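Asks: Residue numbers (my numbering), protein chains in the order written: chain A, 1 to 570; chain B, 1001 to 1103. A virtual CB, placed ideally from N, CA and C, is assigned to each residue, including glycine. Just so you know, these numbers come straight off a predicted model, no measurement behind them.
#1: Which value, in whole angstroms, describes the spacing of the CA atoms of residue 578(A) and residue 494(A)?
#2: Report all residues from its chain with a CB closer than 6 Å to the CB of residue 292(A); omit the five preceding and five following residues, and keep chain order.
#3: Could you check whether the Cβ of residue 1045(B) sits closer than 9 Å to any Cβ belonging to chain A?
#4: Pick helix, strand or coil for residue 126(A), following the three-state DSSP scheme.
#5: For the beta strand (DSSP E) containing residue 241(A), name the first residue and the last one.
#6: Quick one: which chain B residues come within Cβ less than 7 Å of residue 49(A)?
#7: Would you list, in chain order, the members of the region 41 to 75 of chain A that have their beta-carbon closer than 7 Å to a beta-carbon of chain B?
#8: Give the DSSP bridge partners of residue 156(A), in chain order.
#9: With a CB to CB cut of under 6 Å and the five nearest residues on each side skipped, what residues in its chain are close to residue 1087(B)?
#10: With the cut-off set at 9 Å, would you say residue 33(A) and residue 96(A) are in Cβ contact?
#11: If you drop the 5 nearest sequence neighbours on each side, which residues of the same chain put their C-beta closer than 7 Å to that of residue 224(A)?
#12: Could you pull the start and end residues of the alpha helix (DSSP H) that residue 380(A) belongs to?
#13: Rounded to whole angstroms, how far is the Cβ of residue 274(A) from the Cβ of residue 265(A), which I believe are closer than 8 Å?
#14: May I have the straight-line CA-CA distance separating residue 569(A) from residue 1099(B), to the nearest angstrom?
#15: What is the residue span of the alpha helix (DSSP H) that residue 451(A) lies within?
#16: Return the Cβ separation of residue 27(A) and residue 154(A) in integer angstroms, given the expectation that the two are a contact with Cβ distance under 8 Å.
#17: Straight-line CA distance for residue 515(A) to residue 465(A)?
#18: Any idea what DSSP makes of residue 365(A), helix, strand or coil?
#19: Just to confirm, is the Cβ distance from residue 68(A) to residue 57(A) under 9 Å?
#20: Start and end of the beta strand (DSSP E) containing residue 1007(B)?
#21: Where does residue 166(A) fall in DSSP's three states?
#22: What residue range does the beta strand (DSSP E) around residue 350(A) cover?
#23: Given residue 479(A), which residues of its chain have a CB within under 7 Å of its CB, disregarding the five upstream and five downstream residues?
#24: Can you tell me the Cα-Cα spacing of residue 542(A) and residue 557(A), whole angstroms?
#25: Over what stretch of residues does the alpha helix (DSSP H) that includes residue 85(A) continue unbroken?
#26: Below 8 Å, how does it come out for the region 30 to 45 of chain A and the region 147 to 161 of chain A: are there three or more Cβ pairs, yes or no?
#27: Among 343(A), 94(A), 378(A), which residue has its Cα nearest to the Cα of residue 195(A)?
#28: Secondary structure at residue 196(A), three-state DSSP: helix, strand or coil?
#29: What is the DSSP secondary structure of residue 390(A), reduced to helix, strand or coil?
#30: Just to confirm my understanding: we take residue 300(A), look at its own chain, exclude 5 residues before and 5 after, and list those with CB closer than 6 Å. What are they?
#31: Please decide whether residue 1096(B) counts as near chain A, where near means a Cβ-Cβ distance under 9 Å.
#32: So, using beta-carbon positions, are residue 1048(B) and residue 1059(B) closer together than 9 Å?
#33: Within the same chain, show all residues whose beta-carbon is closer than 6 Å to that of residue 141(A), passing over the 5 residues directly before and after it, in chain order.
#34: Comparing the C-beta of residue 1018(B) with each C-beta of chain A, is any distance below 9 Å?
#35: Quick one, which residues of the region 1063 to 1076 of chain B are near chain A if we go by CB-CB under 9 Å, in chain order?
#36: Along chain B, in chain order, which residues have C-beta atoms closer than 7 Å to that of residue 181(A)?
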């Protein structure tokens, strides 16, 4: 079979905002870059779906400073963020907003010509820039795609899945995988490797990200020997669409309208309930995501949910003209599907939205494996136990920029052994085709749905020892069941081969989430233990390392906040 | 039970093109992409469709020709008791089934 054999200075795996910014930054330093993605470059992942805002202390809408952004983020994290990472990200946020503007990302401006900035729960200032309602992520992806398409030092490889980071003599020296539009093995030798593969939200039945957010980078990093932290911390987006079913619309699109128009949240009895949990005043949206998620599911648990297991979102008190102005074209998409917001309420409920834990990195985005960097949603440190709205893209831009700059400094290209390549190809063949079959013995999609149900029921936002233990038991069974499935040989658009690997990664990472959630016997931010409702006085981070036989070793590490991070890190 | 009938293009460069028919149980609010994913899950996992964001009309990967007109599968609602023709978009290199090579 034909082989794709490449050499480069910097290999970037993943092409959301973090990966594309990293590629561009490395090329700006003169490095030759290869950027690979399972999907089409710049279209998969989470960025393209990010509709809201980017939090940066520009201080244009009102006085602001990175110190205040730092304090808000630390406070929002419920004591669990890494202070040095937060400081690093908030300090360079304004710089990256300007850089992105240079790529044609047109941040909305006021009549006076300054950037429009809005407030979001947890941010004490008007800090969040945006492009256009519902299109910040789309416009960001488009601008970055243009920038990397124009850059001659960057080579793009679509529909390539990386299955192994090659580590020799303790250093990451290359990567192995396969292209699947036409099935071909891939080997890439690189001076430095940047993982930018995004989050792990696809393990949950209800989630708001792209289908390819299967957490591959967490597994690749851990298998290479890198340390993960707090992967049990999963953010649920509280008011994701639940009912009636809609097509062609992002399930999390209600949020900006709730801010803007003061949409009310009602329980199944059509009573407002947020004031009981967070003293939230009717029509004003101030509770953070962890708080609203808890409130909605607690109402459901107490028997006061909406008919499909969530809450009602109500805009009926808003005048029709105002609804039309605010919703723009969305009002027509809704009308075509029978939803009239002047008369109808919709049902909303939490959805898995963001992986807050991840790969442990230094402020230079180095993982604990030399030569291997990480950036974007994949890293740990910025969000702790609760991510503030707008902080995800800030993290993606700045961590991507730093990873690219640092990786470009690598000077040494190490030829690595053919044996490593042959062993990985043999492993893949055995993994996909333990027997020769004419048709896949089971549909990977069906087995993925089994996983998503296990995780939703057992390790969702409200957790107990019994349910977590049950999830652990079912995951163990599913792991064996999936491993045994033989797939048919195929040569073009080999989706099943990708899906089996994704599922294997997702099951192993789900085991980590469940083990961490059992170990964390407290309630903190997004991690709610109904059987341990106190928050420990001393916050601790859970460290995960992967053993050679693919089981997780966990350790609890008390967090000490760096005092130097509090005031200006420079 | 209401059904929708999908006449979809199958095959790749080696095998050539043919049309296959699948009957899919109709569910309220389902998109054509949902219907094709049902085929992958319950009838034939070897059926290929390119998709990423699934429902948001954001990634623009699920482009196909639907009843002769180009559109995005995630954004077209399936209608019960209808017959739908789904083919690869023309003008792009064909890869397999309804998947074309996009950049």
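Replies: On the basis of the data shown:
#1: Examination of residue 578(A) is not possible in this model, given that chain A is present from 1 through 570 alone.
#2: By 1-based counting over the first chain, the position of residue 292(A) is 292. Within the same chain, residue 292(A) has close Cβ partners 238.
#3: The residue labelled residue 1045(B) in the question sits at position 45 within the second chain. Closer than 9 Å: yes.
#4: Taking the first residue of the first chain as 1, we reach residue 126(A) at position 126. Residue 126(A): coil per DSSP, three-state reduction.
#5: Residue numbering aside, residue 241(A) sits at position 241 when the first chain is read from its first letter. Annotation: the continuous beta strand (DSSP E) that includes residue 241(A) extends over 234 to 243.
#6: Locating residue 49(A) in the first chain gives position 49, counting from the first residue. Residues of chain B with a Cβ closer than 7 Å to the Cβ of residue 49(A) are, in chain order, 1053, 1056, 1058.
#7: Answer set for the region 41 to 75 of chain A: 43, 44, 48, 49.
#8: By one-based count along the first chain, residue 156(A) stands at place 156. DSSP, once it has assigned bridges, lists 35(A) as partnering residue 156(A).
#9: To locate residue 1087(B), count along the second chain from 1; it is residue 87. Apart from sequence neighbours up to five positions away, the residues of its chain that approach residue 1087(B) with a beta-carbon distance below 6 Å are 1009, 1065, ordered along the chain.
#10: In the first chain, counting from the first residue as 1, residue 33(A) sits at position 33. In the first chain, counting from the first residue as 1, residue 96(A) sits at position 96. No, Cβ-Cβ distance for residue 33(A) and residue 96(A) is not below 9 Å.
#11: Here the question's residue 224(A) lines up with position 224 in the first chain. 165, 167, 172, 369, 372, listed in sequence order.
#12: As a first step, residue 380(A) is located in the first chain; it is residue number 380 there, counting from the start. Note, residue 380(A): premise wrong, no alpha helix (DSSP H); not H, not E.
#13: For this step, residue 274(A) is matched to residue 274 along the first chain. For this step, residue 265(A) is matched to residue 265 along the first chain. With a Cβ gap of about 6 Å, residue 274(A) and residue 265(A) count as contacting.
#14: In the first chain, the residue the question calls residue 569(A) occupies position 569. In the second chain, the residue the question calls residue 1099(B) occupies position 99. Per-residue confidence for residue 569(A) stands at a pLDDT of 42, beneath the threshold of 50, marking its modelled position as unreliable; no derived number is given.
#15: One-based indexing of the first chain puts residue 451(A) at position 451. Run containing residue 451(A): 444 to 459, per the alpha helix (DSSP H) assignment.
#16: Counting from one through the first chain, the residue named residue 27(A) turns up at place 27. Counting from one through the first chain, the residue named residue 154(A) turns up at place 154. Going by Cβ atoms, the distance from residue 27(A) to residue 154(A) rounds to 5 Å, so yes, they are a contact pair.
#17: Within the first chain, residue 515(A) is the residue found at index 515, counting from 1. Within the first chain, residue 465(A) is the residue found at index 465, counting from 1. One C-alpha to the other measures close to 10 Å.
#18: Position 365 of the first chain, counted from the first residue, corresponds to residue 365(A). Three-state DSSP puts residue 365(A) in coil, outside helix and strand.
#19: Numbered from 1 along the first chain, position 68 holds the residue referred to as residue 68(A). Numbered from 1 along the first chain, position 57 holds the residue referred to as residue 57(A). Inclusion of residue 68(A) and residue 57(A) in the CB contact set at 9 Å is warranted, their separation being smaller than that value.
#20: For this step, residue 1007(B) is matched to residue 7 along the second chain. Taken as a continuous stretch (DSSP letters only), the beta strand (DSSP E) holding residue 1007(B) covers 1003 to 1010.
#21: Counting from 1 along the first chain, the entry for residue 166(A) is found at position 166. If DSSP states are grouped into helix, strand and coil, residue 166(A) belongs with the strands.
#22: Taking the first residue of the first chain as 1, we reach residue 350(A) at position 350. Residue range 346 to 355 is occupied by the beta strand (DSSP E) that includes residue 350(A).
#23: Translated into the one-based positions of the first chain, residue 479(A) becomes position 479. If we look at residue 479(A) and ignore the five residues flanking it on each side, its Cβ neighbours are 507.
#24: Numbered from 1 along the first chain, position 542 holds the residue referred to as residue 542(A). Numbered from 1 along the first chain, position 557 holds the residue referred to as residue 557(A). Roughly 6 Å between the two C-alpha positions.
#25: Along the first chain, read from residue 1 onward, the residue named residue 85(A) stands at position 85. Segment 83 to 102, the alpha helix (DSSP H) holding residue 85(A).
#26: Enough Cβ pairs lie closer than 8 Å, so yes.
#27: Within the first chain, numbered from 1, the residue matching residue 195(A) stands at position 195. If we check each option's Cα against that of residue 195(A), 378(A) comes out closest.
#28: Stepping through the first chain from its first residue, residue 196(A) is reached at position 196. Here residue 196(A) sits in coil by DSSP.
#29: Within the first chain, the letter at position 390 stands for residue 390(A). Of the three classes helix, strand and coil, the one that applies to residue 390(A) here is coil, per DSSP.
#30: Within the first chain, residue 300(A) is the residue found at index 300, counting from 1. Cβ within range, chain order: 309.
#31: Start at 1 with the first residue of the second chain, and residue 1096(B) comes out as number 96. Yes - at least one Cβ of chain A is within 9 Å of the one on residue 1096(B).
#32: Along the second chain, one-based indexing puts residue 1048(B) at 48. Along the second chain, one-based indexing puts residue 1059(B) at 59. No, the pair does not count as a contact, with Cβ atoms beyond the cut-off.
#33: Stepping through the first chain from its first residue, residue 141(A) is reached at position 141. Within the same chain, residue 141(A) has close Cβ partners 42, 47, 48.
#34: The residue labelled residue 1018(B) in the question sits at position 18 within the second chain. Interface flag for residue 1018(B) against chain A is unset, since no Cβ pair is found closer than 9 Å.
#35: From the region 1063 to 1076 of chain B, only 1072, 1074, 1075, 1076 have a Cβ closer than 9 Å to chain A.
#36: Working through the first chain from its first residue, we reach residue 181(A) at position 181. Close to residue 181(A), with beta-carbon spacing below 7 Å, are these residues of chain B in chain order: 1095, 1101.
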